[in-house]
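Student: Have a look at this one.
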Amino acid sequence: MFVKSIALQHYRNYEGLRLENLGDVNLILGQNAQGKTNLVEALYVLAMTKSHRTSKDRELIAFDAPDGAAHISADVTRKYGDVHLEMTLSAHGKKAKINGLEQRRLSEFVGSLNVVMFAPEDLEIVKGTPGVRRRFLDMEIGQVQPSYLYHLQQYQKVLLQRSNLLKQLWNRDSGREMLDIWDEQLAAHGVKIVRKRKEFIKKLQVWAESIHRGITNGGEALELLYVPSFGSREEEDEAVLLDNFMLKLSQTREQEIRRGMTLTGPHRDDLSFFINGREASVYGSQGQQRTTALSLKLAEIELIHGEIGEYPVLLLDDVLSELDPYRQSQLIETFQSKVQTFITATGVEGLHADKLKGAVLYRVRGGAIESEASGR
Ligand SMILES: Nc1ncnc2c1ncn2[C@@H]1O[C@H](COP(=O)(O)OP(=O)(O)OP(=O)(O)O)[C@@H](O)[C@H]1O
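Numbering that gives the first Met the number 0 applies: residue 0 is where the sequence shown begins, and numbers increase by one.
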């Protein structure tokens, strides 16, 4: 897919911006704090309906937005035709339109534009907390499978109700029958989530393993493993998963009531990465962890292509100049000629100059952008 144009209004430090004739490779250059990340973030928000760096939508609205709202829109060419996507963020929530038609649910809008973002904070997917990895799984599966988002939302609702009930039950006996009802609903949505996550990881593993071998000249075998809070790692049969989940809930019920929280389910699961059989978060060097994150992102590009039949848009925020020349060329070769790419950097130093020939160059200063044809 290809983003032909993008327009922002009162988004972060952009009062108003319209970029037409975007290129296959778009190089966004500017000094610190000028609005480079804000621009690629806006594309990410249009794709995912959420920012990659904050969960607070109000931060995305310009401080002085007159109507208290931020607007993002883009014209996107997809294999089935062109679409005009619009998103409005305000204190009242988010609204999204496809070709002028407002979508009833945001989950139906997700997937209209597909992106893969690679940013410095992605290192946290490898070495950060399980919550970061769960978010990675949820965002990435959600953008290719809308039904995943549905189950996730339902699961979170039930989880909240169930946890509230658990807190009330520690000093009273009545109401336990209600817990049985929540258990069933929790497990029904929970197993769908776990099954889809396992499926996703299996597919991602195939790509990530071979990409990682390529980047490390065959020296490193990367393995992705799902770490479930119930049942076995490999189990994918829904009926068996359901039995496993219900069994674990019954076994831990007293403990859950004592602690007032749900201890089993996809909200407690994790994903781990192994390099040559050793856990990357524990034994991996900073460089190995960075390469693992890069392999994952490149694998995602291929996985999305496999799922939807077209390549997503790649957003490289401040990461290209961080990579050594070999990894840079691996990355550039992956996207060249098939993946539209947006690259942000403070300058051209450290960038693989000849590989970026033909890129459209944008200079960002204080929320304003000038474009120039690149001679690089
Ligand atoms: N809601 C907002 N309203 C107005 N300006 C904002 C808002 N949120 C952030 N900004 C401004 O956006 C600027 C930061 O932009 P951005 O994060 O895109 O920087 P950048 O060009 O990527 O810089 P760096 O190279 O340091 O990463 C800051 O000047 C910040 O004050």
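A virtual CB, placed ideally from N, CA and C, is assigned to each residue, including glycine.
1. Taking buried to mean at least 16 other C-beta atoms within 10 Å of its own C-beta, is K156 buried or exposed?
2. Relative to the C-alpha of T76, which residue among F1, W206 and S50 is closest?
3. Among the residues of its own chain, which have a CB less than 6 Å from the CB of L295, if the five just before and after it don't count?
4. Please state whether DSSP places N163 in a helix, a strand or coil.
5. State yes or no: is the C-beta of E183 nearer than 7 Å to some heavy atom of ligand 1?
6. Note down the Cα distance separating E344 from N31, rounded to an integer number of angstroms.
7. Kindly identify the DSSP beta-bridge partner or partners of Q8.
8. Is R57 helix, strand or coil when you go by DSSP?
9. Which residues bound the beta strand (DSSP E) around D269?
10. Got a sec, what are the start and stop residues for the beta strand (DSSP E) E222 sits in?
11. Please classify S173: does DSSP put it in a helix, a strand, or coil?
12. Measuring only the C-alpha atoms, how far is R52 from L314?
13. Return yes when the Cβ of G264 is within less than 8 Å of the Cβ of L185, no when it is not.
14. Helix, strand or coil: how does DSSP classify T48 here?
15. Where does H351 fall in DSSP's three states?
16. Pull up the distance between the alpha-carbon of G34 and that of R175, whole angstroms please.
17. Can you check DSSP and say which residues form a bridge with L360?
18. Given a cut-off of 8 Å, decide if L84 and L45 are closer than it, judged by their beta-carbon atoms.
19. Relative to the C-alpha of E183, which candidate in G305, R161, K201 and L165 has its C-alpha closest?
20. Below 8 Å on the Cβ atoms is my contact criterion, and I expect P324 with H351 to pass it. Report the Cβ-Cβ distance as a whole number of Å.
21. Specify the secondary structure class of G305 as computed by DSSP and reduced to three states.
22. Would you say Q142 and M47 are within 8 Å of each other, going by their C-beta atoms?
23. Apart from the five residues just before and just after G22, which ones in its own chain have a Cβ nearer than 7 Å to its Cβ?
24. Which of the three DSSP states is assigned to D179 in this structure?
25. Based on the DSSP secondary-structure assignment, which residues constitute the bridge partners of E278?
26. Starting from the Cα of R194, find the closest Cα among I256, A220 and L241 and give me that residue.
27. Can F117 be considered in contact with ligand 1, in the sense that its beta carbon sits closer than 7 Å to one or more heavy atoms?
28. Please state if the CB of K202 and the CB of L302 are separated by a distance shorter than 8 Å.
29. Buried or exposed for Y282, going by 16 or more other Cβ atoms inside 10 Å?
30. Comparing the CB of N31 with every heavy atom of ligand 1, is any distance shorter than 7 Å?
31. Give the straight-line distance between the Cα atoms of T261 and T36, rounded to the nearest whole angstrom.
32. First and last residue of the alpha helix (DSSP H) that includes M260?
33. Is there contact here, the segment 4-19 with the segment 316-333, by at least three beta-carbon pairs under 8 Å?
34. For ligand 1, I want to know if F62 counts as a neighbour, meaning its beta carbon is within less than 7 Å of at least one of the ligand's heavy atoms.
35. Quick check: what's the CA-CA separation for G374 versus Q204?
36. Could you tell me whether the segment 213-226 touches the segment 274-292, where touching means 3 or more Cβ pairs closer than 8 Å?
Tutor: For this structure:
1. To locate residue 156, count along the sequence shown from 1; it is residue 157. By the neighbour-count rule (16 or more Cβ atoms within 10 Å), K156 is not buried but exposed.
2. Position 77 of the sequence shown, counted from the first residue, corresponds to residue 76. Looking at the Cα atoms, F1 is the closest of the given residues.
3. Working through the sequence shown from its first residue, we reach residue 295 at position 296. Counting only Cβ-Cβ distances below 6 Å, and skipping sequence neighbours, we find A207.
4. On the sequence shown, residue 163 is found 164 positions in, with the first residue counted as 1. If DSSP states are grouped into helix, strand and coil, N163 belongs with the helices.
5. Locating residue 183 in the sequence shown gives position 184, where the first residue counts as 1. Not under cutoff, so the answer is no.
6. Your numbering for residue 344 matches position 345 in the sequence shown. Your numbering for residue 31 matches position 32 in the sequence shown. In the sequence under discussion, the amino acid at residue 344 is Ala, which differs from the Glu named in the question. Cα to Cα, the separation comes out at about 9 Å.
7. Position 9 of the sequence shown, counted from the first residue, corresponds to residue 8. Q8 pairs with G15 and H70.
8. Looking up residue 57 in the sequence shown gives position 58. Helix, per DSSP.
9. Position 270 of the sequence shown, counted from the first residue, corresponds to residue 269. Run containing D269: D269 to I274, per the beta strand (DSSP E) assignment.
10. Taking the first residue of the sequence shown as 1, we reach residue 222 at position 223. E222 -> beta strand (DSSP E) spans L221 to V226.
11. Stepping through the sequence shown from its first residue, residue 173 is reached at position 174. S173: coil per DSSP, three-state reduction.
12. As a working note, residue 52 is residue 53 in the sequence shown. As a working note, residue 314 is residue 315 in the sequence shown. Whole-angstrom Cα-Cα distance: 14 Å.
13. Stepping through the sequence shown from its first residue, residue 185 is reached at position 186. Stepping through the sequence shown from its first residue, residue 264 is reached at position 265. Yes, they are a contact pair.
14. For the purposes of this step, residue 48 is taken as the residue at position 49 of the sequence shown. Correct three-state label for T48: coil.
15. Within the sequence shown, the letter at position 352 stands for residue 351. Three-state result, H351: coil.
16. Your numbering for residue 34 matches position 35 in the sequence shown. Your numbering for residue 175 matches position 176 in the sequence shown. Their Cα atoms are separated by approximately 53 Å.
17. Here residue 360 refers to the residue found at position 361 when the sequence shown is read from its first residue. DSSP, once it has assigned bridges, lists L26 and E371 as partnering L360.
18. Along the sequence shown, read from residue 1 onward, the residue named residue 45 stands at position 46. Along the sequence shown, read from residue 1 onward, the residue named residue 84 stands at position 85. Closer than 8 Å, so yes.
19. Taking the first residue of the sequence shown as 1, we reach residue 183 at position 184. The shortest C-alpha separation from E183 is found at R161.
20. As a position in the sequence shown, residue 324 is number 325, starting the count at 1. As a position in the sequence shown, residue 351 is number 352, starting the count at 1. Rounded, the Cβ-Cβ distance is 6 Å, consistent with contact.
21. Position 306 of the sequence shown, counted from the start, is the residue given in the question as residue 305. Helix.
22. Reading the sequence shown from its first residue, position 143 is the one you call residue 142. Reading the sequence shown from its first residue, position 48 is the one you call residue 47. Yes. Within cutoff.
23. Translated into the one-based positions of the sequence shown, residue 22 becomes position 23. Closer than 7 Å at the Cβ level, and outside the excluded window around G22, lie A358 and V359.
24. Counted from its first residue, the sequence shown places residue 179 at position 180. Note: D179 maps to helix in three-state DSSP.
25. Here residue 278 refers to the residue found at position 279 when the sequence shown is read from its first residue. Its beta-bridge partners are F273.
26. Here the question's residue 194 lines up with position 195 in the sequence shown. If we check each option's Cα against that of R194, L241 comes out closest.
27. Looking up residue 117 in the sequence shown gives position 118. No; taking the cut-off as 7 Å, the Cβ of F117 has no heavy atom of ligand 1 nearer than that.
28. Here residue 302 refers to the residue found at position 303 of the sequence shown. Here residue 202 refers to the residue found at position 203 of the sequence shown. Yes, the Cβ-Cβ distance between L302 and K202 is below 8 Å.
29. Counting from 1 along the sequence shown, the entry for residue 282 is found at position 283. Exposed is the call here.
30. The sequence position of residue 31 within the sequence shown is 32, counting from 1. Yes, Cβ of N31 sits closer than 7 Å to a heavy atom of ligand 1.
31. Position 262 of the sequence shown, counting from 1, holds the residue named residue 261. Position 37 of the sequence shown, counting from 1, holds the residue named residue 36. Roughly 37 Å separates the two Cα atoms.
32. On the sequence shown, position 261 is the one that residue 260 refers to. Taken as a continuous stretch (DSSP letters only), M260 belongs to no alpha helix (DSSP H), as it is neither H nor E.
33. no
34. Within the sequence shown, the letter at position 63 stands for residue 62. Yes; taking the cut-off as 7 Å, the Cβ of F62 has a heavy atom of ligand 1 nearer than that.
35. Along the sequence shown, one-based indexing puts residue 374 at 375. Along the sequence shown, one-based indexing puts residue 204 at 205. Residue placement at G374 is flagged as unreliable, the pLDDT there being 43, under the threshold of 50; a coordinate-derived value is accordingly withheld.
36. yes
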